[in-house]
Amino acid sequence: MSLASAALLSPPVLCFGLGALACALRSNLRVPAPVFEAVSIYLLLAIGLKGGAELAETRWADFAAPAGAALALGLFIPLWCFVALRRLAGFGVADAASLAAHYGSVSAVTFIAVISYLERAGTPHEGFMTAILALMEAPAIVVALLLARMVRDRAQGHAGTNAADSAQPSLGAALREVISSKSFVLLVGGLAIGGVIGKTGMAPVQPFFGDLFLGFLCLFLLELGIVAAEKADEAWKAGGRLLAFAIAAPLVNGALGLLAGVAAGLSEGGAIVLATLAASASYIAAPAAVRLALPQANAAYALAASLAVTFPLNVVFGIPLYAALAGLVYR
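Just so we're aligned, residue 398 is where the sequence shown starts under my numbering, counting upward by one.
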């Protein structure tokens, strides 16, 4: 509870709450679209640069096991989510695959929130976790789309060769959408630049990309609070099964991420970050890819669940919970 209270009273979370309150009051408060776009570019590039500088000083032997754990999570999470959504919640193939893709992929903003939380708490973590973030963004989307294709082809009685032929264009287009997305380009590009210049090269831009980071995050979450509150009605309209999944999935995935972090030999802070990544849900890369490959899926389900339920749940309660669980494991 003390960790949750500290998270609730942090400037980013309070700004998120202010945005939600402004929406509830029907205020005309909005962060102008060009400003919001610029702030999002700044945040993604900043975490990429910092992660790249740290990764430049990391041995491959230290990175290999966490990278393997991240890929395993990216493959397993969409699988169990798809099965649970189909068999327990009764969702159709397209909607189950869409939700599985969103919840198997990761949220860069939630990653930023957990990094800020750890820095305020004084908990160190591995610098290469930004590379883990980039690594986990695409695999789950591909797995979810493959599951949808396999189930659909089996139901329609298609031969395996025909299924493969028909699957390639949609999957290829979806993968290209993920790789060319703003978040992926900025993260991977920032990692590359940070890896080249190292910590010495980062020193001149540290006042901008480091000292001002929390302030820009507050501005970003202010607007995101407004957007999340606007999506809340859609989550309620979808019914209890969607709300139950949006609450249960991050808790299950967070526990899986924590166990994977421990098994991979991460520090306590690194395990908290991996747990938070596993618990997060994408609302930037996944929607674009799913829109191309599964146009029949109801986009409102995934966006409302990930943005209006799972994101605030993680930022306010989830991160302190994963930190508390990690404390029990590591101490």
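In this text, a Cβ means the ideal position worked out from N, Cα and C, and glycines have one as well. For clarity, every value in this text was computed on a predicted model and none was experimentally measured.
C-beta atoms of residue i and residue j nearer than 9 Å
{"i": "A481", "j": "V540", "result": "no"}
{"i": "S664", "j": "V503", "result": "no"}
{"i": "L452", "j": "L588", "result": "yes"}
{"i": "I716", "j": "S578", "result": "no"}
{"i": "G489", "j": "A537", "result": "no"}
{"i": "L674", "j": "T520", "result": "no"}
{"i": "I644", "j": "L583", "result": "no"}
{"i": "V585", "j": "G445", "result": "yes"}
{"i": "A545", "j": "A629", "result": "no"}
{"i": "K391", "j": "G524", "result": "Within the shown structure, residues of the chain are numbered from 398 to 728, placing residue 391 beyond reach of any answer."}
{"i": "V428", "j": "F617", "result": "yes"}
{"i": "A723", "j": "L653", "result": "no"}
{"i": "A701", "j": "E620", "result": "no"}
{"i": "L691", "j": "S495", "result": "yes"}
{"i": "I623", "j": "A493", "result": "no"}
{"i": "F613", "j": "A720", "result": "no"}
{"i": "A467", "j": "A668", "result": "no"}
{"i": "E534", "j": "F581", "result": "yes"}
{"i": "H499", "j": "V687", "result": "yes"}
{"i": "A676", "j": "P684", "result": "no"}
{"i": "A505", "j": "L611", "result": "no"}
{"i": "A729", "j": "I594", "result": "Only positions 398 to 728 of the chain appear in the structure, and residue 729 is not among them; the question remains open."}
{"i": "A625", "j": "F708", "result": "yes"}
{"i": "R551", "j": "S407", "result": "no"}
{"i": "L718", "j": "G651", "result": "yes"}
{"i": "F743", "j": "V712", "result": "In the structure as shown, the chain starts at 398 and stops at 728, and residue 743 therefore has no counterpart that could be examined."}
{"i": "L689", "j": "E574", "result": "yes"}
{"i": "R484", "j": "V548", "result": "no"}
{"i": "W477", "j": "V649", "result": "yes"}
{"i": "I509", "j": "H522", "result": "no"}
Where the alpha helix (DSSP H) through residue i begins and ends
{"i": "A494", "result": "490–501"}
{"i": "T507", "result": "505–518"}
{"i": "L614", "result": "610–634"}
{"i": "V585", "result": "579–599"}
{"i": "T527", "result": "526–532"}
{"i": "R728", "result": "Looking at the DSSP string, R728 is not in any alpha helix (DSSP H), and its letter there is neither H nor E."}
{"i": "V602", "result": "First-last for V602: undefined, no H or E at that position."}
{"i": "S664", "result": "Per DSSP, S664 belongs to no alpha helix (DSSP H) and is neither H nor E."}
{"i": "E434", "result": "430–452"}
{"i": "G414", "result": "408–421"}
{"i": "G465", "result": "457–484"}
{"i": "L542", "result": "536–553"}
Spell out a yes or no on whether the stretch 453–472 and the stretch 521–532 are touching, meaning 3 or more CB-CB pairs, one atom from each, closer than 8 Å. yes
Counting pairs of Cβ atoms below 8 Å between the stretch 637–654 and the stretch 432–441, do you hit three or more? no
Run through the stretch 637–661 for me and flag every whole alpha helix (DSSP H) of 4 or more residues, listed as ranges in chain order. 637–660
Is it true that the stretch 596–603 meets the stretch 418–426, where meeting means three or more beta-carbon pairs spaced less than 8 Å apart? At 8 Å Cβ cutoff, the stretches do not touch.
Enumerate, from N- to C-terminal direction, the unbroken alpha helix (DSSP H) stretches of 4 or more residues contained entirely within the stretch 668–718. The stretch 668–718 contains these whole alpha helix (DSSP H) runs: 682–690, 696–700.
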